[in-house]
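Protein chains: 2
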Amino acid sequence: MPGRSAAPGRRIALDVMSGDESPRSRIRAALRALDAYPDLHLSLVGDQQLITGHLSSIAFDQSRLTVIHAGKTIAMDEKPSFALRSKEDSSMWVALEQVADGHAAACVSSGNTGALMAMGRFALKTFVGIDRPAIAGAIPCAGGSVLLLDMGANVDCSANNLYQFAVMGSLLAATVRGITAPRVGLLNVGTEDIKGNEQVKLANRLLKEDGRLNYIGYIEGNDVFAGGADVVVCDGFVGNIALKTGEGVAGLIRDSLVAAFQQTLWRRFLSLLIAPVMRKIYKSIDPVVYNGASFLGLQGIVVKSHGHSDEEGFFRAIGEAFREVDSDVPGRLAEEIELMLGGE
Amino acid sequence: MPGRSAAPGRRIALDVMSGDESPRSRIRAALRALDAYPDLHLSLVGDQQLITGHLSSIAFDQSRLTVIHAGKTIAMDEKPSFALRSKEDSSMWVALEQVADGHAAACVSSGNTGALMAMGRFALKTFVGIDRPAIAGAIPCAGGSVLLLDMGANVDCSANNLYQFAVMGSLLAATVRGITAPRVGLLNVGTEDIKGNEQVKLANRLLKEDGRLNYIGYIEGNDVFAGGADVVVCDGFVGNIALKTGEGVAGLIRDSLVAAFQQTLWRRFLSLLIAPVMRKIYKSIDPVVYNGASFLGLQGIVVKSHGHSDEEGFFRAIGEAFREVDSDVPGRLAEEIELMLGGE
Chain A
1 MPGRSAAPGR RIALDVMSGD ESPRSRIRAA LRALDAYPDL HLSLVGDQQL
51 ITGHLSSIAF DQSRLTVIHA GKTIAMDEKP SFALRSKEDS SMWVALEQVA
101 DGHAAACVSS GNTGALMAMG RFALKTFVGI DRPAIAGAIP CAGGSVLLLD
151 MGANVDCSAN NLYQFAVMGS LLAATVRGIT APRVGLLNVG TEDIKGNEQV
201 KLANRLLKED GRLNYIGYIE GNDVFAGGAD VVVCDGFVGN IALKTGEGVA
251 GLIRDSLVAA FQQTLWRRFL SLLIAPVMRK IYKSIDPVVY NGASFLGLQG
301 IVVKSHGHSD EEGFFRAIGE AFREVDSDVP GRLAEEIELM LGGE
Chain B
1 MPGRSAAPGR RIALDVMSGD ESPRSRIRAA LRALDAYPDL HLSLVGDQQL
51 ITGHLSSIAF DQSRLTVIHA GKTIAMDEKP SFALRSKEDS SMWVALEQVA
101 DGHAAACVSS GNTGALMAMG RFALKTFVGI DRPAIAGAIP CAGGSVLLLD
151 MGANVDCSAN NLYQFAVMGS LLAATVRGIT APRVGLLNVG TEDIKGNEQV
201 KLANRLLKED GRLNYIGYIE GNDVFAGGAD VVVCDGFVGN IALKTGEGVA
251 GLIRDSLVAA FQQTLWRRFL SLLIAPVMRK IYKSIDPVVY NGASFLGLQG
301 IVVKSHGHSD EEGFFRAIGE AFREVDSDVP GRLAEEIELM LGGE
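Just so you know, the sequences run in chain order A and B. Quick note on numbering: my numbering labels position 44 of the first sequence as 44, and the sequence is numbered without any gaps. Quick note on numbering: my numbering labels position 164 of the second sequence as 164, and the sequence is numbered without any gaps.
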């Protein structure tokens, strides 16, 4: 990566075109991020005319914002293999290229996850010692939040993959989230040694043997939300199911509450009284708050914002990318991987 | 199964000893079930002195209740292989033997799931054509409940296993739950054909080819709780994680609500006003309501009650067993399996 040494500073490339929502909300989020982080520089990648059109009526620090034209957008339902073949001039690819060429330190996109991962691997490569990148994201739990990985990049994982995820997750929790000796748990169907499938049992042995991680052993699905660990490791199939099941149950309870409090006039009155408290609770489990999943294992920072993320969600994803730049996650990861995996 | 033809009628054998709660609550549940189902006969299996002691002060229809002595109890943390070797005289084994010998039509236990499955397979055998039994249970969803299997019996599953689970789950939903042409979904990380691991993709093909099932294709974790299917099929690892993740999120929200409404005097007052509504919502997602998971694929009815199930939970598990007896689930399953799998 010769280009990467040309210090990209604190410039982040934003793919403002991809996703289910309008580019306008992502551009607004970008301007909010410029206000929030005085050191931050942004490259907005996408349709130049559209972007400058949105920017024309707004006052902002022009010295910290560049627009880079990309005429195409990868569709949300594009097959990753097809997206990779037809990537040129797409906002996603051009934003990733900014990182690969050393012009930016990170890239944020709310586009198609599979395409972003495929292009990210192609443009940035994985670290030597890491077979597969993982998607790591925070989810709410009692007393705060927990980092879960893999959230869906790898539907099949070997014990070694899971072990590598644990190493990367622990590092992210320690650097970006500032947790000393993060407690790392391996998601399983029970906590006894005999429980689990072969990959999980073998990963458990690998993790126990590595004295450098604060490995706490198996953790069950319910204990994840009770705050039993700082980092929870699983394969991408299980991670996706856990994440979406959690969303589904939260949605079911929310809908049940709304419906129940609409049933009578008295209940509608009560619902007005409790609205402020309920809003706070919904907020504490709102996926927007936890938006910004990190692609870990790539030789560069890529943050995936949810496809439906609004201005607030995209703003938070930029914040996640900024903190990773600030903590030099790829640099620290390279050192850790050499220590932990290269020394074998 | 020569002994099985000696029509066991509507007698159900209850292992009243196993589980985390006291036998007393299970005995009370048994007496409630006798009241609720006039056709039901029960065999209470366990420490005779203890059981008759509990029964001595209570009036009930003695003609429909028998006590069968078993001096040992399988511990909740017993390894299934060890439990199987030392099973003789245990309440779990004696209750299963009642079914195997044709003295009872079903068995209910709230003991160690692994031990119950291992003993159940040993005592009752699986149907020819079914490689592995699955654990099927109802979970709450928008507008009612959905049958999920496998909930944890098989941590690794082939495409064929998943296909067989779909056949069995569909039959259980149609007979016991009275759903015409139950919509069967395959749990996956996305709904597009390219999504998923190899087993799931192959199972998808097998299910599409079988025109007799009302197969609706892939279903994602969040859609399970939105009521997108009547039966949801997955391997036991994923099923366990989905189930416990759901419990975890529900618990987190409940605890957040309780804590938020304790914070000020005004909120405590509000919490009193909304208590009746909240109780109803908690009830609608209470695991107790959905207690009673069926071991499908065995040549006999075995219902697993949750280890922590109280009187209400165990009562509901007996009800589930009674409905399966009433619908002759094993007989119907044998026919279906011959039609669907034997005809290959």
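Beta carbons: idealized from backbone N, C-alpha and C, even for Gly. Note that the structure is predicted; figures quoted are calculated from it, not measured.
Residue i versus residue j: straight-line alpha-carbon distance, rounded
| i | j | result |
| --- | --- | --- |
| A:Ala7 | A:Met340 | For A:Ala7, the predicted structure reports a pLDDT of 46, less than 50, and the residue's modelled location is therefore unreliable. The matter cannot be settled from this model. |
| B:Gly211 | B:Leu186 | 15 Å |
| A:Met1 | A:Gly331 | Here A:Met1 scores only 37 on pLDDT, less than 50, and its place in the model is too uncertain to base an answer on. |
| B:Ile12 | B:Lys201 | 40 Å |
| A:Arg183 | B:Leu147 | 35 Å |
| A:Gln199 | B:Gly239 | 17 Å |
| A:Ser25 | A:Ala59 | 16 Å |
| A:Asp35 | A:Ala104 | 19 Å |
| B:Ile285 | B:Gly246 | 10 Å |
| A:Ala358 | A:Gly297 | Residue 358 of chain A cannot be examined here, being either before or after the span of chain A that is shown, 1 to 344. |
| A:Gly19 | A:Gly111 | 5 Å |
| A:Gly3 | A:Val94 | Caution applies to A:Gly3, whose pLDDT of 36 falls short of 50 and renders its modelled position unreliable; the value that the coordinates give is listed next. Each residue's Cα considered, the two are about 15 Å apart. |
| A:Ile135 | A:Met151 | 5 Å |
| B:Met278 | A:Lys283 | 19 Å |
| A:Ala121 | A:Ile74 | As written in the sequence, residue 121 of chain A is Arg, which differs from the Ala given in the question. Between A:Arg121 and A:Ile74, the C-alpha separation is close to 16 Å. |
| B:His69 | B:Leu42 | 14 Å |
| A:Arg85 | A:Ala115 | 10 Å |
| A:Gly319 | A:Val167 | 23 Å |
| A:Arg254 | A:Glu209 | 43 Å |
heavy atom of the ligand ZN below 7 Å from residue i C-beta
| i | result |
| --- | --- |
| A:Val167 | With respect to small molecules bound, the structure shown includes none, and the ligand ZN cannot be examined in it. |
CB contact below 8 Å: residue i versus chain A
| i | result |
| --- | --- |
| B:Val249 | yes |
| B:Pro38 | no |
| B:Ala142 | yes |
| B:Val232 | no |
| B:Ser18 | no |
| B:Lys87 | no |
| B:Gly129 | no |
| B:Asn112 | no |
| B:Lys304 | no |
| B:Gly246 | yes |
| B:Leu252 | yes |
Test: residue i CB closer than 8 Å to a CB of chain E
| i | result |
| --- | --- |
| B:Arg267 | The structure shown contains no chain E; its protein chains are A and B. |
Short CB-CB distance (under 8 Å) between residue i and chain B
| i | result |
| --- | --- |
| A:Ala242 | yes |
| A:Ala260 | yes |
| A:Ser22 | no |
| A:Thr175 | no |
| A:Asp255 | yes |
| A:Val238 | yes |
| A:Lys208 | no |
N-terminal and C-terminal residue of the alpha helix (DSSP H) that residue i is part of
| i | result |
| --- | --- |
| B:Ile253 | 236-260 |
| B:His54 | 48-55 |
| B:Gly185 | Segment 183-187 is the beta strand (DSSP E) holding B:Gly185; no alpha helix (DSSP H) there. |
| B:Leu147 | B:Leu147 -> not in any alpha helix (DSSP H); beta strand (DSSP E) instead, spanning 144-149. |
Beta strand (DSSP E) segment containing residue i, residue limits
| i | result |
| --- | --- |
| B:Arg10 | Segment: none, B:Arg10 is in no beta strand (DSSP E) and carries neither H nor E. |
| B:Phe295 | 293-296 |
| B:Gly137 | 134-141 |
| B:Ile281 | Careful: B:Ile281 lies outside any beta strand (DSSP E), inside the alpha helix (DSSP H) at 265-284. |
| A:Tyr290 | From DSSP, A:Tyr290 is part of no beta strand (DSSP E); its letter is neither H nor E. |
| B:Tyr218 | 214-219 |
| A:Thr66 | 65-69 |
| B:Lys304 | 301-304 |
Touching by the beta-carbon criterion (3+ pairs, under 8 Å), the segment 122-132 of chain A and the segment 265-277 of chain A: In this structure the segment 122-132 of chain A does not touch the segment 265-277 of chain A; the number of beta carbon pairs closer than 8 Å is below three.
Check whether the segment 159-179 of chain A and the segment 224-231 of chain B touch, using three or more Cβ-Cβ pairs below 8 Å as the test. no
Residues, ordered as in the chain, of the segment 147-161 of chain B that lie near chain A by beta-carbon distance below 8 Å: Gly152, Val155, Asp156
Touch test, the segment 28-35 of chain B against the segment 56-76 of chain B, Cβ-Cβ under 8 Å, three pairs minimum: Counting Cβ pairs under 8 Å, three or more are found: they touch.
Please identify, using Cβ separations under 8 Å, the residues of the segment 212-227 of chain A that lie next to chain B, in order along the chain. Taking 8 Å as the Cβ-Cβ cut-off against chain B, the residues of the segment 212-227 of chain A that qualify are Glu220, Gly221, Asn222, Asp223, Val224, Phe225, Ala226.
Taking only beta carbons into account, state which residues of the segment 266-297 of chain B come closer than 8 Å to chain A, listed in chain order. Arg267, Leu270, Leu273, Ile274, Val277, Lys280, Ile281, Ser284, Ile285
Of all the residues that make up the segment 177-205 of chain B, which are near chain A by a beta-carbon distance shorter than 9 Å? Leu187, Asn188, Val189, Gly190, Glu192, Ile194, Lys195, Gly196, Asn197, Glu198, Val200
Could you run through the segment 50-84 of chain A and flag, in chain order, every residue whose CB is less than 8 Å away from some CB of chain B? Asp77, Lys79
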